[in-house]
Structure formats: structure tokens, C-alpha cells
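Engineer: Once you know that position 118 of the sequence shown is 107 in the working numbering, the rest is easy, because the numbers rise by one and skip nothing. All C-beta atoms, glycine included, are put in the ideal place defined by N, C-alpha and C. Computed from a predicted model, the values in this text were never measured in an experiment.
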Amino acid sequence: PSGDPPAGEALSADDRRAVDARPVARGAQPPPPDPAVDLHDPEAVARAYLEAAYRVDGGDAGRTQLRAAAYAAPGSPPAVVGVLVLDAPPPGVPRTARVSALDLVATGQEGTRRGYRAEIDAGTGPAVARLVRNVVLGRQPDGSWLVTAESTASPDLTVGEH
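#1: Tell me the DSSP secondary structure of P(-10) in three-state form.
#2: Please list the terminal residues of the continuous beta strand (DSSP E) segment that includes Y38.
#3: Starting from A25, trace the alpha helix (DSSP H) both ways and give me its first and last residue.
#4: If you follow the beta strand (DSSP E) that E69 is in, where does it begin and where does it stop?
#5: Measure the alpha-carbon distance for R128 versus A86 and round it to whole angstroms.
#6: Going by DSSP in three states, G97 sits in which element: helix, strand or coil?
#7: Compute the beta-carbon to beta-carbon distance between A62 and T137, rounded to the nearest angstrom, for a pair I have assumed lies under 8 Å.
#8: Just list the residues that DSSP pairs A61 with in beta bridges.
#9: When DSSP labels each residue in this structure, what does D131 get in the three-state scheme?
#10: Tell me the rounded alpha-carbon separation between T113 and Y43.
#11: Please report the straight-line C-alpha distance between L146 and E32, rounded to a whole angstrom.
#12: Given a cut-off of 8 Å, decide if A77 and D110 are closer than it, judged by their beta-carbon atoms.
#13: Which same chain residues, not among the five before or five after H29, have their C-beta less than 8 Å away from its C-beta?
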């Protein structure tokens, strides 16, 4: 119907104001990729991206976090938007992230896309939560691999979100 929002649009600016949604600031500029990460190895890139994306600290509250943007394809949501931090730890208490499992679940017929299911152990102090994420990597013209998309593996978007 003509009164419906355009496809892909969830909330307009007016809708966000109506529900009194808190504005989200853009995080600090992303650091360059770690030179120890081989960008021609898609598994190494997926691990580096996920560990950087889910490593947060108190200063990330209320903003997106762009530490993983160096491992994301230019113009993709992971590079442009980053990861929204919904529950930052207290100031001075970092949350660590380590990929504990990474499974290849899909490949493109042309060999230019790979999809992975990852399990990430994210913790603040002794408390550790298991996050499950899906990432898609695309091979770039120079032969490197970069993340083009990421999603939660759970249909309930509130489960384990950070």
C-alpha cells in the first residue's frame, strides 16, 4: 500500500523521534589492519574482523565501534557503520573477544564469496558469553578477502547482542 515505508526502511527520522530513540554517534576512526593478518587468507580475515568487532570498552557506549572496519570491504555496512555497542562494559574494563570456532558454510560458484558461521567467546573479566555470527567475505580485485556482510545467527535479534 502507498502508506507503507519504502522497502528496506525500518524507521524514519520522525519515527525515531516519536519513540524517543537515542541517537547513535559514530565511533573513532578505524585503525589500520594488523600487519600480521594475511588479507589473502579469508579465515584469517574473518577471525581478525570478528575479534576486532566484538572487543569493546566503556568508551564505546552509545556509538558505533569501527575497530573491524579495516577488514571490511569499502562501502559495506561493516566498513561504513561498524558495530553498534548496546551494552558497553564499565569504563576501564575491556571486553575481550576470541573466535573459538569458524566453519565455512557456503561458497560462491565463481569462488569470489565465502560464508562462515563463527562462535565468539566475548568476556568481561571472568564472565564469558558465546556469540554466534555469520560473516560473508568477498575476494577483492587484488586477491585479498574482506568482510562484506555480517549478521547474527539467531532470529531473535536481542539474543547475545552487544
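Structural biologist: Looking at the atomic coordinates:
#1: With a pLDDT of only 46 at P(-10), under 50, the local geometry of the prediction cannot be trusted, and the value read off the model is given with reservation. Shown here, P(-10) sits in coil according to DSSP, grouped into three states, outside any helix or strand.
#2: That residue, Y38, is in no beta strand (DSSP E); its alpha helix (DSSP H) goes 31 to 42.
#3: First-last for A25: undefined, no H or E at that position.
#4: Per the sequence shown, residue 69 should be read as Val rather than Glu. That residue, V69, is in no beta strand (DSSP E); its alpha helix (DSSP H) goes 66 to 69.
#5: Looking at the two C-alpha atoms, the distance is approximately 25 Å.
#6: Here G97 sits in coil by DSSP.
#7: The pair is a contact, with the Cβ atoms about 5 Å apart (cut-off 8 Å).
#8: Per DSSP, the beta-bridge partners of A61 are V136.
#9: Here D131 carries a coil assignment [DSSP, helix/strand/coil].
#10: Inter-residue distance for T113 and Y43 is about 11 Å (C-alpha atoms, whole angstroms).
#11: Only weak support is given to the placement of L146: the predicted model assigns it a pLDDT of 43, under 50, and the question is left unresolved by the model.
#12: Not a contact, by the Cβ cut-off of 8 Å.
#13: Taken in chain order, the residues that qualify are G132, S133, W134.
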